[in-house]
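Residue numbers (the working numbering): 91 to 365.
No residue lacks a Cβ here, since even glycine has one placed at the ideal position from N, Cα and C.
This structure is a prediction, so every number in the text was calculated from the model and none was measured.
As structure tokens, this is what we get:
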């Protein structure tokens with residue numbers, strides 16, 4: 091049964107699913123779609139052209155789909171914000187729609203945005219991503235599935251963070267982070283996200299192949315062209331390693347560097363995984 095508090099302001103032009111709860115003083119504007127069994131706390135604003143998938147949970151004070159902080163935005167522009175099913179948006183998260191007609195800001199399914207996260211216009215965040223408190227995702231950023239971002243991270247516009255990457259707290263991301271990598275608090279790649287790979291169900295063979303690719307690219311002292319060529323010499327290259335290579339080849343902002351201490355040590359901190 092749908093439960094809308096009497097003080098909430100819900101547009102008659104919004105589509106509200108079955109079993110939705112909307113708390114006190116929340117606002118749902120025109121042209122919004124709220125999926126079944128969503129729960130929206132008090133003082134939340136769901137701005138125009140926003141879609142929430144089923145079973146989303148939106149906490150106090152969040153702002154979803156508001157006009158972007160961009161001088162190019164023109165009032166009346168039709169652009170959308172979509173949030174996938176089973177996503178959790180904690181207190182005071184802000185998510186902005188695109189300033190460009192017919193464009194999207196997208197948040198995937200099963201994603202967690204912790205308190206005070208900001209997601210800028212045209213950002214694309216994948217499924218089962220975790221973004222911790224106070225992290226700022228600038229416009230046009232792409233975050234692939236299952237990436238984990240710690241708190242207080244600043245991400246420059248147009249950067250990409252690859253699948254299952256993990257980023258340490260208080261870092262400033264100016265360039266792309268390839269899939270499966272860990273970025274330490276010194277803002278350098280320090281090896282593979284082994285724990286994340288295990289939790290995601292990658293077997294030891296796949297983890298080892300990913301580890302070798304990361305070692306070759308970041309810690310053998312090769313330039314990018316030679317490192318990628320070396321990785322591609324491997325027979326029967328796994329799809330995950332192909333994705334790692336293709337991600338790097340398609341970069342426009344460049345790749346965040348490897349940890350210089352590990353390079354100086356001759357890659358001894360990232361030896362083969364012991365099973």
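{"Check": "What is the DSSP secondary structure of residue 253, counted as helix, strand or coil?", "Outcome": "coil"}
{"Check": "How big is the Cα-Cα spacing for residue 235 and residue 207?", "Outcome": "18 Å"}
{"Check": "Grab the span of the beta strand (DSSP E) containing residue 140 for me, first residue to last.", "Outcome": "140-142"}
{"Check": "Can you round the beta-carbon distance between residue 346 and residue 254 to whole angstroms, since I take them to be within the 8 Å contact cut?", "Outcome": "At roughly 16 Å, the Cβ-Cβ gap does not stay under 8 Å, so residue 346 and residue 254 are not in contact."}
{"Check": "Alpha helix (DSSP H) containing residue 286: first to last residue?", "Outcome": "284-289"}
{"Check": "Alpha carbon to alpha carbon, what distance is there between residue 104 and residue 129?", "Outcome": "16 Å"}
{"Check": "Let me confirm a value: residue 140 is counted as buried when at least 16 other C-beta atoms fall within 10 Å, else exposed. Which label applies?", "Outcome": "buried"}
{"Check": "So, for residue 308: in the same chain, excluding its five sequence neighbours on each side, which residues have a beta-carbon less than 6 Å away from its beta-carbon?", "Outcome": "279 and 348"}
{"Check": "Given that a residue counts as buried once 16 or more other Cβ atoms are within 10 Å of its Cβ, and exposed if not, what is residue 91?", "Outcome": "exposed"}
{"Check": "Determine whether the beta carbon atoms of residue 198 and residue 217 lie at a separation below 7 Å.", "Outcome": "yes"}
{"Check": "Give the C-beta separation of residue 107 and residue 144 to the nearest angstrom, bearing in mind that I take them to be a contact with Cβ-Cβ under 8 Å.", "Outcome": "7 Å"}
{"Check": "Can residue 152 and residue 173 be called in contact, C-beta distance under 7 Å?", "Outcome": "no"}
{"Check": "Identify every run of the alpha helix (DSSP H) within the segment 143-178, keeping only runs that are complete inside it and at least 4 residues long; order them along the chain.", "Outcome": "none"}
{"Check": "Can the beta-carbon of residue 330 be found closer than 7 Å to that of residue 290?", "Outcome": "no"}
{"Check": "Grab me the residues of residue 125's own chain with a C-beta within less than 6 Å of its C-beta, minus the 5 sequence neighbours each way, in chain order.", "Outcome": "107, 142, 143 and 144"}
{"Check": "Is the beta carbon of residue 185 closer than 7 Å to that of residue 154?", "Outcome": "yes"}
{"Check": "Evaluate residue 314 with the Cβ neighbour count: other Cβ atoms within 10 Å of its Cβ, from every protein chain shown; 16 or more gives buried, anything less gives exposed.", "Outcome": "exposed"}
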